[in-house]
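A.B. asks: Each residue of the sequence shown is one higher than the last, beginning at 421 in my numbering.
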Amino acid sequence: MAILFHDFDDITIRWGTDSKKYGLYPKDVIPMWIADSDFKSPQAVIDALAQRLQHGIFGYPSESQRLKKAVSLWEGKRHAFEVTPDWVTFIPGVVGGLVCAIRAFSRPGDKVLIQTPCYPPFAASIENNGRRVLCNPLLLKEERYEIDFGHFERLCQDSQTRLFILCNPQNPTGRVFSEFELREMARICMENDILILSDEIHCDIVYPPQQHIPMASLSPKIADYCVTFISASKTFNLPGFRTAVTIASNSILRSRIHDVLTANKATGQNIMGTLASCVAFESGTDYADQLVRYLKKNLDLAKVKLKKTKLRLVNPEGTYLLWLDCREVTEDPDKLMEFFVRKAKVGVQNGTDFGEEGRGFVRINIACPHSILDDALRRIQDCFEDGISQATVA
Numbered sequence: 421m422a423i424l425f426h427d428f429d430d431i432t433i434r435w436g437t438d439s440k441k442y443g444l445y446p447k448d449v450i451p452m453w454i455a456d457s458d459f460k461s462p463q464a465v466i467d468a469l470a471q472r473l474q475h476g477i478f479g480y481p482s483e484s485q486r487l488k489k490a491v492s493l494w495e496g497k498r499h500a501f502e503v504t505p506d507w508v509t510f511i512p513g514v515v516g517g518l519v520c521a522i523r524a525f526s527r528p529g530d531k532v533l534i535q536t537p538c539y540p541p542f543a544a545s546i547e548n549n550g551r552r553v554l555c556n557p558l559l560l561k562e563e564r565y566e567i568d569f570g571h572f573e574r575l576c577q578d579s580q581t582r583l584f585i586l587c588n589p590q591n592p593t594g595r596v597f598s599e600f601e602l603r604e605m606a607r608i609c610m611e612n613d614i615l616i617l618s619d620e621i622h623c624d625i626v627y628p629p630q631q632h633i634p635m636a637s638l639s640p641k642i643a644d645y646c647v648t649f650i651s652a653s654k655t656f657n658l659p660g661f662r663t664a665v666t667i668a669s670n671s672i673l674r675s676r677i678h679d680v681l682t683a684n685k686a687t688g689q690n691i692m693g694t695l696a697s698c699v700a701f702e703s704g705t706d707y708a709d710q711l712v713r714y715l716k717k718n719l720d721l722a723k724v725k726l727k728k729t730k731l732r733l734v735n736p737e738g739t740y741l742l743w744l745d746c747r748e749v750t751e752d753p754d755k756l757m758e759f760f761v762r763k764a765k766v767g768v769q770n771g772t773d774f775g776e777e778g779r780g781f782v783r784i785n786i787a788c789p790h791s792i793l794d795d796a797l798r799r800i801q802d803c804f805e806d807g808i809s810q811a812t813v814a
């Protein structure tokens with residue numbers, strides 16, 4: 421089969437499309453905050469959706485065996501994770517699925533462990549459902565975050581800790597956890613009878629030589645304690661469809677998630693999101709490979725440009741998100757937003773959104789054409805050269 425080349429340099433105007441990404445800041449600000457990309461989805465996905473629209477009838481869908489098989493084949497081919505289609509359960513997005521899992525496997529007042537800085541909906545989903553958040557802060561050493569295993573184990577030994585939400589690749593730090601790290605976290609969780617909810621939505625965006633290892637792929641015993649959450653949304657830019665799946669080899673875990681989904685009337689699928697995900701997983705290998713290579717060039721560009729500033733880049737091993745240490749400029753979150761948004765005209769996400777450990781940091785999304793990223797980095801660099809950063813934080 422001939423390789424199809426995707427033009428990631430193409431700029432698509434997104435104003436007027438009800439885009440959350442483009443609706444937050446004024447038009448003179450380059451939006452680089454939320455984690456959706458500025459790349460069109462694969463042409464095969466667009467064509468399949470267009471053809472389905474021509475049918476003209478969009479009734480209630482049946483459970484898609486095609487998507488279950490597509491997920492199984494993708495995980496096996498891409499990540500050496502052998503998944504039986506029956507292990508797959510449809511959920512209304514990863515966050516919606518996590519909420520259902522939190523309700524399924526814990527009770528109000530129980531504790532749920534997360535690693536900070538972390539994706540904001542984790543803590544919100546825990547607290548909004550009457551559970552308590554336990555934070556295991558990742559430790560920044562040089563340009564890389566590491567796990568404090570001693571602290572992790574102490575938190576797991578708390579008799580009220582029921583769940584651990586793992587984010588791998590980690591958002592916002594970009595860590596891709598090693599086999600040793602995954603096995604050690606799994607060992608501690610299993611010894612303390614803690615279930616692992618593994619959010620692996622960024623799993624396809626990993627920079628060589630790093631490699632994504634699904635937690636549940638490590639052993640049948642670990643898989644028995646694990647529910648994996650994946651979606652085509654990050655890799656193929658489909659988040660608006662709110663389509664995702666869980667993978668669980670343990671039939672008891674699957675059954676309990678299904679019961680909560682049913683009780684909350686959340687079992688229905690998005691008919692177009694299901695189709696888009698099927699086609700993406702079935703035919704998206706070339707697109708995903710080219711995307712990672714393109715993002716790596718964006719990352720290399722950012723490294724060069726940011727060296728000329730006082731901002732320190734935490735070197736990402738995966739995701740299309742940059743975690744910038746701005747503490748040499750200021751730790752004040754309001755002053756950081758003043759600098760980036762009002763002065764540089766670059767719409768970043770404030771680090772404090774990811775927990776107190778994010779104070780003095782910002783997150784930047786580099787999933788955009790080279791020309792847009794170059795413009796944003798130039799704006800930031802110019803502010804430093806003009807001395808605006810000093811004036812802003814004075």
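Glycine included, C-beta positions come from ideal geometry on N, C-alpha and C. Nothing here was measured: the structure is a model prediction, and the numbers come from that model.
Quickly, what does DSSP pair TRP743 with across the bridge? List them, please.
C.D. replies: Bridge partners of TRP743: VAL734 and ARG783.
A.B. asks: Answer yes or no: do PRO462 and SER703 have a C-beta to C-beta separation smaller than 8 Å?
C.D. replies: Cβ atoms of PRO462 and SER703: closer than 8 Å.
A.B. asks: In whole angstroms, what separates the C-alpha of ILE546 from that of ALA796?
C.D. replies: If I take the Cα positions, the gap works out to 35 Å.
A.B. asks: Using DSSP with H/G/I as helix, E/B as strand and the rest coil, what is ASN690?
C.D. replies: Looking at ASN690 - three-state DSSP - the assignment turns out to be coil, as it is neither helix nor strand.
A.B. asks: Buried or exposed: ARG523, going by 16 or more other Cβ atoms within 10 Å of its Cβ?
C.D. replies: The residue is buried, with at least 16 neighbouring Cβ atoms inside 10 Å.
A.B. asks: So, GLN630 versus GLY738, is the Cβ gap smaller than 8 Å?
C.D. replies: Yes, these two residues count as a Cβ contact at 8 Å.
A.B. asks: Given that a residue counts as buried once 16 or more other Cβ atoms are within 10 Å of its Cβ, and exposed if not, what is GLU611?
C.D. replies: So GLU611 counts as exposed.
A.B. asks: Return the residue from the list LEU793, GLN801, GLU777 and ARG799 that minimises the CA-CA distance to PRO592.
C.D. replies: PRO592 has its Cα closest to that of GLU777, out of LEU793, GLN801, GLU777 and ARG799.
A.B. asks: Just to confirm, are TRP507 and ILE667 a CB contact at a threshold of 8 Å?
C.D. replies: Yes, the Cβ-Cβ distance between TRP507 and ILE667 is below 8 Å.
A.B. asks: Taking contact to mean 3 or more Cβ pairs, one atom from each stretch, closer than 8 Å, check whether the region 701 to 720 and the region 568 to 577 are in contact.
C.D. replies: Taking 8 Å as the limit for Cβ pairs, the verdict is that the region 568 to 577 does not touch the region 701 to 720.
A.B. asks: For the beta strand (DSSP E) holding CYS587, just list the boundary residues, first then last.
C.D. replies: Start and end: 581 to 587.
A.B. asks: Which of helix, strand or coil does DSSP assign to ILE792?
C.D. replies: If DSSP states are grouped into helix, strand and coil, ILE792 belongs with the helices.
A.B. asks: Within 10 angstroms of the Cβ of PRO512, are there 16 or more other Cβ atoms? Answer buried if so, exposed if not.
C.D. replies: Its Cβ being crowded by 16 or more others within 10 Å, PRO512 is buried.
A.B. asks: Under three-state DSSP, which class holds PRO753?
C.D. replies: Reduced to three states, the DSSP call for PRO753 is helix.
A.B. asks: For the region 532 to 605, which segments carrying the alpha helix (DSSP H) assignment without a break, of at least 4 residues, lie completely within its bounds, in sequence order?
C.D. replies: Correct list: 540 to 547 and 569 to 576.
A.B. asks: Comparing alpha-carbon positions, which option in PHE542, LYS440 and LEU560 lies nearest ARG552?
C.D. replies: Measuring from the Cα of ARG552, the nearest candidate turns out to be PHE542.
A.B. asks: Using the beta-carbon count (16 or more within 10 Å), is PHE597 buried or exposed?
C.D. replies: That one is buried.
A.B. asks: Going by DSSP, which residues form a beta bridge with VAL699?
C.D. replies: DSSP, once it has assigned bridges, lists no residue as partnering VAL699.
A.B. asks: Classify ARG574: buried if its beta carbon has 16 or more other beta carbons within 10 angstroms, exposed otherwise.
C.D. replies: Exposed: under 16 other Cβ atoms inside 10 Å.
A.B. asks: Can you tell me which of LYS763, LEU559 and ASP530 puts its alpha carbon nearest to the alpha carbon of GLY550?
C.D. replies: Comparing Cα positions, the closest option is ASP530.
A.B. asks: DSSP state of ASN770, grouped into three classes?
C.D. replies: DSSP places ASN770 in strand when its eight states are reduced to three.
A.B. asks: Hey, VAL626 and PRO589: beta-carbon distance below 8 Å or not?
C.D. replies: Yes. Within cutoff.
A.B. asks: Going by DSSP, what residues sit across from THR648 in a beta bridge?
C.D. replies: Paired residue(s): SER618 and ILE667.
A.B. asks: According to DSSP, which residues form a beta bridge with ILE450?
C.D. replies: Looking at the DSSP assignment, ILE450 forms a beta bridge with VAL766.
A.B. asks: Mind checking who VAL626 pairs with in its DSSP beta bridge?
C.D. replies: According to DSSP, which records beta bridges pairwise, VAL626 is partnered with GLY738.
A.B. asks: Mark ASN684 as exposed unless 16 or more other C-beta atoms lie within 10 angstroms of its C-beta, in which case mark it buried.
C.D. replies: With fewer than 16 other Cβ atoms within 10 Å, it is exposed.
A.B. asks: Should VAL724 go down as buried or exposed, given a rule of 16 or more other Cβ atoms within 10 Å for buried?
C.D. replies: Burial call: exposed.
A.B. asks: Taking Cβ positions only, does ASP427 come closer than 8 Å to chain B?
C.D. replies: The structure shown contains no chain B; it is built from a single protein chain.
A.B. asks: What whole-angstrom Cβ distance do PRO634 and HIS499 have, given they're in contact under 8 Å?
C.D. replies: About 5 Å separates the two Cβ atoms, so the contact holds.
A.B. asks: Which two residues bound the contiguous beta strand (DSSP E) that contains THR437?
C.D. replies: Where THR437 is concerned, there is no enclosing beta strand (DSSP E), given that its DSSP letter is neither H nor E.
A.B. asks: Using a threshold of 8 Å, state whether the C-beta atoms of PRO753 and ASN735 are closer than that.
C.D. replies: No.
A.B. asks: Can you tell me whether HIS632 is buried or exposed? The criterion is at least 16 other CB atoms within 10 Å of its CB, across all chains shown.
C.D. replies: It is buried - the Cβ of HIS632 has at least 16 other Cβ atoms within 10 Å.
A.B. asks: When the Cα of ARG515 is compared with those of ARG662, TYR714, TYR707 and ALA708, which residue comes out closest?
C.D. replies: Looking at the sequence itself, residue 515 is Val, so the reference to Arg does not match. Per the Cα distances, ARG662.
A.B. asks: Helix, strand or coil: how does DSSP classify ILE800 here?
C.D. replies: Three-state DSSP puts ILE800 in a helix.
A.B. asks: Only counting the same chain, and skipping five residues up and downstream in sequence, which positions put a Cβ closer than 6 Å to that of SER457?
C.D. replies: Correct list, in chain order: ASN657 and ALA787.
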